[in-house]
Amino acid sequence: MTKTSSRRKNAALRAATAAQTRPDVYSHTPLYNLLYGFRRPQDQWVARYVTILTAVLLWSAVGLGLFSGKGQAPINGDFEAQRHWMELTTQLPIAHWYFYDLQYWGLDYPPLTAYHLWFFGVIGTFIDASWFALDASRGLETSELKTFMRWTSIISELVVFVPTTMGLLHELGKHKNMTRMSHVIVIALLLYLPALVLVDHGHFQYNSVMLGLFLYSVTDLIKGNLMLASVWFVSSILFKQMALYYSPFIFVYILSRLFTPKRTVAATLKSFSFGKLLAVGCTVVLSAVVMVVPFLIAASGVSAAVSLIAQILVRMFPFERGLFEDKVANFWCSTNLLIKYNQVLSCTQLKTLSLAFTVAASAPPCLLIFWKNLRRQSHDPDLVICGFSATAWAFYLFLFQVHEKTVLVPLVPTLFLLLSNDRNNIAQVQWVNNISIFSLFPLLKKDGLLLQYCVMFFMINWLMGAFSLNKKSNMLWPVDGAVNRLVILVSYAFIPIFHIVEQCVSPPAQYPDLWVIANTTFSFGCFGYFYLWLLWKIYFL
1 MTKTSSRRKN AALRAATAAQ TRPDVYSHTP LYNLLYGFRR PQDQWVARYV
51 TILTAVLLWS AVGLGLFSGK GQAPINGDFE AQRHWMELTT QLPIAHWYFY
101 DLQYWGLDYP PLTAYHLWFF GVIGTFIDAS WFALDASRGL ETSELKTFMR
151 WTSIISELVV FVPTTMGLLH ELGKHKNMTR MSHVIVIALL LYLPALVLVD
201 HGHFQYNSVM LGLFLYSVTD LIKGNLMLAS VWFVSSILFK QMALYYSPFI
251 FVYILSRLFT PKRTVAATLK SFSFGKLLAV GCTVVLSAVV MVVPFLIAAS
301 GVSAAVSLIA QILVRMFPFE RGLFEDKVAN FWCSTNLLIK YNQVLSCTQL
351 KTLSLAFTVA ASAPPCLLIF WKNLRRQSHD PDLVICGFSA TAWAFYLFLF
401 QVHEKTVLVP LVPTLFLLLS NDRNNIAQVQ WVNNISIFSL FPLLKKDGLL
451 LQYCVMFFMI NWLMGAFSLN KKSNMLWPVD GAVNRLVILV SYAFIPIFHI
501 VEQCVSPPAQ YPDLWVIANT TFSFGCFGYF YLWLLWKIYF L
């Protein structure tokens, strides 16, 4: 053996030893103990695949339960909506997709969702054409169809969400002194994320695809690949319009990266790169055009193309549905107890008011991070994560026409803050994770998924050491901040009390939604508090 190769081997051994001896904040949790057998550096790649396989088993187990609208003819629920969209995309010309029978689950998601469902619809038609026979298949709920639909959700998450989650954690890990085992643990916490698992594999949707495309964008933003990040972000919006919750921040962040920080403000402003701005702008426009090209080709003439694109936009943004539909943990639903908005304001006024509130709430994180980026040569990845999270929480809390499932949009970027050695951060993030699960309770109860709700709630907290009296093992309690600890303690006490009362006491006849309103109002207060915590964190980063 040469001296050079010997030195390299010794250096690699020292690096591996150093990685093993680094402090690991998760080292006393049950999740760490479960993965302890893979702690050696040469075995940690196995831990990732074990985590993924376990996640697939978990998703499949949740999928054995009921789904949205099971047996609730004639409209059913989201399961029937996704099946019906596979039906119409495979059985009708593309120009008819956004016009066909709008009263029965008319297609109201962007083109990439339509292509995605067309792809799986083609495969499903090959397996059993009766699953997607035009009109005749409405309300079909056979066990074979359910199995196929569940697998489409699992495959979608495996192909899009899993690799980008691992990629973003790897990129974030370059900037943090964390062990590889910590990376594996956070991967597990994200893949076992109860809110996402229950909504996508229980209730039934494909949120993981939109979120995965968004995470690709975040990864490239952190790398400094602004144009590629723009392509991914446009893709996420054109899969599900809820990705627009992130749009103010990505616009402001990219804008801040077009300046080169100098010693004076004037010099910094002069450094603005108009060439890069033009390149990013063209990338956004071209990406959007490319993704709607099949619709443009299908249209017979310019006027027909304009009409088709206009119809897609109308279906994507159904303002006529009102301020909110079901009860949701946001400002409007919570304060509607005091002010009946639909009675005192018109739909146009409500749209303007909600826009003003949303802009006011999303401006602070955007402006804070814009200013920080103008003053710094290096960019902290945590600022990117916090910025997206805070902006999305602002949208969730104040935007027009929010659904309870939309809590996934701010929650997923927030969960990446678990990659930290700060126990206070971890406790705060796990707290909002728990509140998010709780906020979905009315939806999951309606879907008949209470067993899955309870098991997922218990599992994620057990993995984080919630039931241990050992302070080192229990990751749910912050170390510092008396007020913060009090808020978390009171909220954790409220959740079991709520469930006991909700099960044992029927609401008064004049207030049939009393317990639902109690759930959403409490959750709104917690989400608002967490939004303020994020602003505080951004300020001091």
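Okay, so the sequence shown: first residue is 1 according to UniProt numbering, each after it adds one. Cβ atoms here follow ideal geometry from the backbone N, Cα and C, with glycine treated the same way.
query = Where Y206 and R263 are concerned, what is the direct C-alpha to C-alpha distance, given to the nearest angstrom?
reply = Distance between the alpha carbons of Y206 and R263: 47 Å.
TODO: Using only alpha-carbon positions, find the residue among G224, L198, Y192 that is nearest to Q377.
DONE: Ranking the options by Cα distance to Q377, first place goes to G224.
Margin query: Tell me which residues share the same chain as R138 and place their Cβ nearer than 6 Å to its Cβ, disregarding the 5 neighbours each side in the sequence.
Written below: If the five residues before and after R138 are omitted, its C-beta is found closer than 6 Å to no C-beta atom of its own chain.
Subject >> With 16 other Cβ atoms within 10 Å as the buried cut-off, status of P93 >> reply: P93 comes out exposed.
Does DSSP put G525 in a helix, a strand or coil? DSSP places G525 in helix when its eight states are reduced to three.
Exercise. Within this structure, are the beta carbons of A188 and L418 separated by less than 8 Å?
Worked result: No.
Worksheet item: S208: which of L172, I155, L228 sits nearest, CA to CA?
Response: Nearest Cα to S208 within the set L172, I155, L228: I155.
Exercise. Would you identify the three-state DSSP class for N461, choosing helix, strand or coil?
Key: Collapsing the DSSP output to three states places N461 in a helix.
Exposed unless 16 or more other CB atoms sit within 10 angstroms - verdict on K405
By the 10 Å Cβ count, K405 comes out buried.
According to the neighbour-count rule (16 or more other Cβ atoms, all chains shown, within 10 Å of its Cβ), is F540 buried or exposed?
-> Counting the other CB atoms within 10 Å of its CB gives F540 a total below 16, which places it among the exposed residues.
| task | Within the stretch 341-392, note down every full alpha helix (DSSP H) run reaching 4 residues or more, in order along the chain. | result | As far as the stretch 341-392 is concerned, its whole alpha helix (DSSP H) runs of at least 4 residues are 341-344, 347-375.
| message | Check this for me: beta carbons of S362 and P248, under 8 Å apart or not? | response | Going by C-beta atoms, S362 is nearer than 8 Å to P248.
Best match in V160, T165, A136, F132 for proximity to M149 [C-alpha to C-alpha]: Of V160, T165, A136, F132, the residue nearest in Cα terms is F132.
For the stretch 386-394 against the stretch 235-249, are there 3 or more C-beta pairs whose distance is under 8 Å?
Yes, the stretch 386-394 is in contact with the stretch 235-249.
field: Residue of N330, L534, V234, S217 minimising C-alpha distance to I369
entry: The shortest C-alpha separation from I369 is found at L534.
- Query: Can you tell me where the alpha helix (DSSP H) with N207 in it begins and where it stops?
  - Reply: Under the DSSP assignment, N207 falls in the alpha helix (DSSP H) whose first and last residues are 207-223.
### Query
What first and last residue would you give for the alpha helix (DSSP H) that runs through A305?
Run containing A305: 302-316, per the alpha helix (DSSP H) assignment.
Worksheet item: Which one of P364, D24, L34 has the shortest CA to CA distance from M459?
Response: Among P364, D24, L34, the Cα nearest to that of M459 belongs to L34.
- [ ] Determine the direct distance from the alpha carbon of P111 to that of V487, and round the result to whole angstroms.
- [x] Spanning the two alpha carbons is a distance of roughly 43 Å.
* To do: Return the CA-CA distance between L53 and W151, expressed in angstroms with no decimal places.
  => Cα to Cα, L53 sits roughly 14 Å from W151.
* Rounded Cβ spacing between Y253 and V384 (contact assumed at less than 8 Å) -> About 7 Å separates the beta carbons of Y253 and V384, which is inside the 8 Å limit, making them a contact pair.
Requested in this report: Mark A267 as exposed unless 16 or more other C-beta atoms lie within 10 angstroms of its C-beta, in which case mark it buried.
Outcome: A residue is called buried when at least 16 other Cβ atoms come within 10 angstroms of its Cβ; A267 does not meet this threshold and is exposed.
Residue range of the alpha helix (DSSP H) that includes R150: Start and end: 143-156.
- Please check the pair M166 and M210, which I expect to be a contact at CB under 8 Å, by giving their CB distance rounded to whole angstroms. About 18 Å; that fails the 8 Å criterion.
**Request:** Check each candidate in S307, L277, G77 and name the one with the smallest Cα separation from S230.
**Result:** Ranking S307, L277, G77 by Cα distance to S230 puts L277 first.
Quick test of the definition: if touching needs 3 or more C-beta pairs under 8 Å, does the stretch 53-63 touch the stretch 435-446? Taking a cut-off of 8 Å for Cβ pairs, the stretch 53-63 and the stretch 435-446 do not touch, as fewer than three such pairs fall below it.
(request) Output the distance between the C-alpha atoms of S256 and D382, rounded to the nearest integer angstrom. (result) S256 and D382: Cα-Cα distance of roughly 16 Å.
*Return the residue from the list Q82, E141, F274, C282 that minimises the CA-CA distance to Y109.*
Sorting Q82, E141, F274, C282 by C-alpha distance to the C-alpha of Y109 places Q82 at the top.
query = For T358, which residues of its own chain have a beta-carbon under 7 Å away from its beta-carbon, when the five flanking residues on both sides are left out?
reply = Excluding sequence neighbours, T358 sits near A394, F395, F398, L399.
- Message: As a quick exercise: from G528, T89, N76, pick the residue whose alpha carbon is nearest that of F295.
- Response: The shortest Cα separation from F295 among G528, T89, N76 belongs to T89.
Notebook entry, point to check: Between L226 and V280, which are expected to be in contact by the criterion C-beta below 8 Å, what is the C-beta distance as a whole number of angstroms?
Noted result: Their Cβ separation, rounded to whole angstroms, is 6 Å, which keeps L226 and V280 in contact under 8 Å.
Integer Cβ distance of I222 from E171, believed to fall under 8 Å:
In this structure, I222 and E171 form a Cβ contact; the two beta carbons are roughly 5 Å apart against a cut-off of 8 Å.
Inspect the beta-carbon positions of A299 and L313 and report whether they are closer than 8 Å. No; because the gap between Cβ atoms is not below 8 Å, this pair is not in contact.
- Message: My output table needs one value for H28: the three-state DSSP class, helix, strand or coil.
- Response: In the three-state DSSP reduction, H28 falls in the coil class, being neither helix nor strand.
With a Cβ-Cβ cutoff of 8 Å, do residue 543 and W515 count as a contact? In this structure the chain extends from 1 to 541, so residue 543 is not present and cannot be described.
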